[in-house]
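Numbering (full-length UniProt numbering), first residue to last: 1 to 182.
Idealized CB from N, CA, C, for every residue including glycine.
To start, the structure under review is shown below, and the notes come after it.
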Amino acid sequence: MQTGRLIVLTGPSGVGKGTLLRKLLKRHPELHLSVSATTRPPRPNEIDGKQYYFVSREQFEHMVAAGELLEWAEYAGNYYGTPRAPVERLLQLGQSVILEIEVVGARQIKETFPFAVRLFILPPTLAELEQRMRLRDQDSEEAISQRLSHAQTEIEAADEFDWQIVNKDLEEALVSIEAAIF
């Protein structure tokens, strides 16, 4: 049996990864999205086990110590990580799995899965990224400022990835993602 493909999607907060991913999964139901674990509280309408596994810091730190995560990172004061078992199970069944993760985690994946397809989603400009963050109306002014500062650092890492895709137009970005994956 052929092993499945691991696909990593990363980029700064607010760049549209989630929107692109939802559209991609709708077009390609054969792709499986890995559900990450996080210590951040759920946003309205988020369901445990669907968008994220919401865990305590203590639970997360236990998962790290026990080697239960493929990758993990701390971002904006919260931990995020990819549970190992479900991803490895799907890959062994020949299924393709997508990870939507932070740059730090994507670097870790390159070490353990060097053949993963790694895509970096870029904003057209930093000003556009800031506007998108503000339109989401989910974060405080302080959080937006932190996310923008972090975004600048992340964007500098884009060349480390196999593909860099600018999300200026959703449909064009989606077609580019499909070309990279298939």
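Would you be able to state if there are at least three C-beta pairs under 8 angstroms between the stretch 40-52 and the stretch 106-125?
No, because fewer than three Cβ pairs between the stretch 106-125 and the stretch 40-52 fall closer than 8 angstroms, the two stretches do not touch.
Looking at C-alpha atoms only, which residue of 10, 4, 5 is the closest neighbour of residue 119?
Looking at the Cα atoms, 10 is the closest of the given residues.
How would you label residue 167, buried or exposed, when you count the other beta carbons within 10 angstroms and need 16 or more for buried?
buried
Relative to the C-alpha of residue 162, which residue among 150, 128, 66, 179 is closest?
179
Roughly how many angstroms separate the alpha carbons of residue 41 and residue 98, rounded to a whole number?
Rounded to whole angstroms, the gap between the alpha carbons of residue 41 and residue 98 is 23 angstroms.
Closer than 8 angstroms by C-beta to residue 173: which residues in its own chain qualify, once you throw out the five before and the five after it? Chain order, please.
Beyond the five residues adjoining it in sequence on each side, residue 173 comes within less than 8 angstroms, by CB distance, of 16, 20, 121, 165, 166, 167 in the same chain, given in chain order.
Could you please give the first and the last residue of the uninterrupted alpha helix (DSSP H) stretch that includes residue 60?
Counting along the chain, residue 60 sits inside the alpha helix (DSSP H) bounded by residues 57-65.
Might you give, ordered along the chain, the residues of its own chain that have their beta carbon closer than 6 angstroms to the beta carbon of residue 12, omitting 5 neighbours on each side?
151, 154
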